[in-house]
Amino acid sequence: MEVIRVENAWKVYPDGTRALKGVSLEVNRGDFIGVMGPSGSGKSTLLHLMGGLDKPSEGEVYLFKKPLSPMREDELAEFRKRRVAYIFQFYYLLEDFSVLENLTLIAQMLGIESPEDKALKILEFLRLSHRLEHKPYQLSGGEQQRVAIGRALISEPAVILADEPTGNIDWEEGRRIFELFRKLNEEEGITFVVATHNPDLKPFFHRIVNLKDGEML
Ligand SMILES: Nc1ncnc2c1ncn2[C@@H]1O[C@H](COP(=O)(O)OP(=O)(O)OP(=O)(O)O)[C@@H](O)[C@H]1O
Ligand SMILES: [Mg+2]
């Protein structure tokens, strides 16, 4: 079943940077895809388009077969709920809220049952139980990144788009997290698209999309 389809997507930023030059790609349910390429090759840009967080300058992105470009911002936000969760390269946590609230507030907004129990379980797995009441600014980079991962996991989405999700986490911890991703992929059918330049992650991917200067190799 088709989950995401990117059709001849171009992205030209307002300053004229051509970040994507005609990328086409299909993601099916149950895929675990790696998007790889050097810094600046367009990985984050592609993931943003795939999640409907930004629009292509040309071309179209279909999410669950629905073209995203005609949708209004509010329609898109509603449509994304429970379908896509995004792990941002730079986290974007709710700064005024605690670690625990960063998960429970999202879960409540999405209508997920027993948010606190689920949040505590996820945060325990992510080894953050001793940081529940801390605010993001009181955490290390890797801890903030783990909160961002927790927020995606509690959303129980069909697809997780993860932008360098373990870039600030040591390899042992990162591998544990990827093993959980693999389990969720195999057992719950959650589709993953992961942008990374970490070659150690290659064994987790079913398929690798290589980007260079905004083009697929
Ligand atoms: N808002 C923006 N305005 C102008 N140029 C941008 C903008 N965002 C990204 N770019 C440029 O677009 C290109 C692709 O950027 P992108 O962030 O997608 O790369 P990336 O592959 O994710 O890199 P990294 O591995 O460093 O995260 C780069 O040349 C970058 O400088
Ligand atoms: Mg990036």
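Note that this note's numbering numbers the sequence shown so that position 68 is 1440, with each residue one more than the last.
Using N, Cα and C, we set each Cβ at its ideal position, and we do this for glycine too.
Under 8 Å between C-beta atoms of residue i and residue j
i: residue 1414; j: residue 1568; result: no
i: residue 1530; j: residue 1562; result: yes
i: residue 1541; j: residue 1459; result: no
i: residue 1507; j: residue 1470; result: yes
i: residue 1538; j: residue 1549; result: yes
Contact test: residue i Cβ vs ligand 1 heavy atom, cutoff 7 Å
i: residue 1423; result: no
i: residue 1464; result: no
i: residue 1430; result: no
i: residue 1587; result: no
7 Å CB neighbourhood of residue i in its chain, flanking five on each side removed
i: residue 1384; result: 1390, 1429
i: residue 1374; result: 1398, 1400, 1437
i: residue 1476; result: 1487, 1488, 1491
Proximal residues to residue i (C-beta, below 8 Å), its chain only, five neighbours per side dropped
i: residue 1455; result: 1435, 1436, 1529, 1530, 1531
i: residue 1410; result: 1569, 1584
Chain-order list of residues whose beta-carbon lies under 6 Å from that of residue i (same chain, five-residue window excluded)
i: residue 1431; result: 1379, 1380, 1381, 1382
Proximity test, residue i beta-carbon vs ligand 2 heavy atom, cut-off 7 Å
i: residue 1415; result: yes
i: residue 1426; result: no
Option nearest residue i by Cα separation, candidates the options
i: residue 1423; options: 1566, 1586, 1571, 1573; result: 1566
i: residue 1490; options: 1573, 1517, 1524, 1452; result: 1524
i: residue 1572; options: 1504, 1421, 1586, 1551; result: 1551
Legend entry - Touching by the beta-carbon criterion (3+ pairs, under 8 Å), the stretch 1429–1445 and the stretch 1460–1476: The stretch 1429–1445 vs the stretch 1460–1476: no contact.
Legend entry - Meets three-Cβ-pair contact criterion under 8 Å: the stretch 1542–1557 and the stretch 1388–1400: Taking 8 Å as the limit for Cβ pairs, the verdict is that the stretch 1388–1400 does not touch the stretch 1542–1557.
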